[in-house]
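Here the structure comes first, spelled out in structure tokens, and everything after it is commentary.
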Amino acid sequence: MKTSLTSQNKYKQGLKTLKTSLIALFLTLLVGAIVIEISGFSAIDTYIAIFTGSLGTEKGRVLSLSQGTPLLLTGLSFAIAFRVRIINTGVEGQLYIGAITSAIVGAYVTFLPGPLHVAAAILAGMLAGGLVGLFIGYLKIKFDSSEVIVGIMLNEILILVTTWLSTGPLKSEGSAISQTNMILDSAKLTKIVPRSQLTTAIIMLL
């Protein structure tokens, strides 16, 4: 009986969460449509172009999945923290510092074989992002500081640090744009679709 009630509660909670998400999506589309119309454009044509461009072709779907993977992982990290009533507004900064750390390991560590190199790059990025979250948590516990404000402030700082690293000490020699050296093949994830950026990283979301 208790198990049945628990299942029912989870089902109701799931429906409530789904309802909230659908309402949020509807309001987002509605507000977006109003802004588009006020700007003198057709909201319907705009939304059709967005959906056909991102989902209407194989290239669009692959591009949407590859570019959406970091955002989905970031959203997942926010959701996990939110389950314990922590509003982790620092996820953007954690993403940036994790990405540059993984890039450093992937581009400059040359002595690791393929599988170990991939794992090392991923773990290094996770560790860097986790340390930022740990620092935010420490400030909250030690000084009762707002994790929301600290997270937002750290986002700006870490984005600037990442930009400085990629345009300064870690910039690839001879490159006209801000980037590190290319990630070594031994540290690259397997591509799901050839000649694209869609890799097995998307599987991590599952």
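Residue numbers for the sequence shown follow the working numbering, beginning at 1480 and rising by one. For each residue, glycine too, the CB sits at the ideal point set by N, CA and C.
Residue i versus residue j - alpha carbon distance
i	j	result
residue 1497	residue 1607	33 Å
residue 1684	residue 1665	22 Å
residue 1506	residue 1640	35 Å
residue 1661	residue 1638	20 Å
residue 1519	residue 1649	44 Å
residue 1558	residue 1674	32 Å
residue 1631	residue 1603	23 Å
residue 1500	residue 1589	45 Å
residue 1676	residue 1548	10 Å
residue 1670	residue 1622	45 Å
residue 1516	residue 1544	29 Å
residue 1611	residue 1573	6 Å
residue 1628	residue 1508	28 Å
residue 1620	residue 1609	16 Å
residue 1585	residue 1667	8 Å
residue 1493	residue 1526	28 Å
residue 1480	residue 1491	With a pLDDT of 49 at residue 1480, under the threshold of 50, the modelled position of that residue is not reliable, and the figure given next carries that caveat. If you take the alpha carbons of residue 1480 and residue 1491, they lie about 17 Å apart.
Secondary structure of residue i, DSSP reduced to three states
i	result
residue 1670	strand
residue 1507	helix
residue 1659	coil
residue 1548	helix
residue 1536	coil
residue 1678	strand
residue 1566	coil
residue 1519	coil
residue 1647	coil
residue 1652	coil
residue 1574	helix
residue 1625	coil
residue 1685	coil
Residue i classed as buried or exposed, judged by whether at least 16 other C-beta atoms fall within 10 angstroms
i	result
residue 1556	buried
residue 1568	buried
residue 1600	buried
residue 1633	buried
residue 1728	Because residue 1728 is not part of the residues shown, which for the chain are 1480 to 1685, the question remains open.
residue 1644	buried
residue 1580	buried
residue 1575	buried
Closest Cα partner of residue i within the set the options
i	options	result
residue 1657	1642, 1669, 1670	1642
residue 1582	1609, 1596, 1570	1596
residue 1560	1534, 1667, 1511, 1616	1616
residue 1512	1504, 1522, 1503	1522
residue 1663	1593, 1681, 1678, 1636	1593
Next item on the list: May I have a chain-ordered list of the beta strand (DSSP E) segments no shorter than 3 residues that lie completely inside the region 1579-1623?
Entry: Not a single unbroken stretch of the beta strand (DSSP E) spanning 3 or more residues falls wholly within the region 1579-1623.
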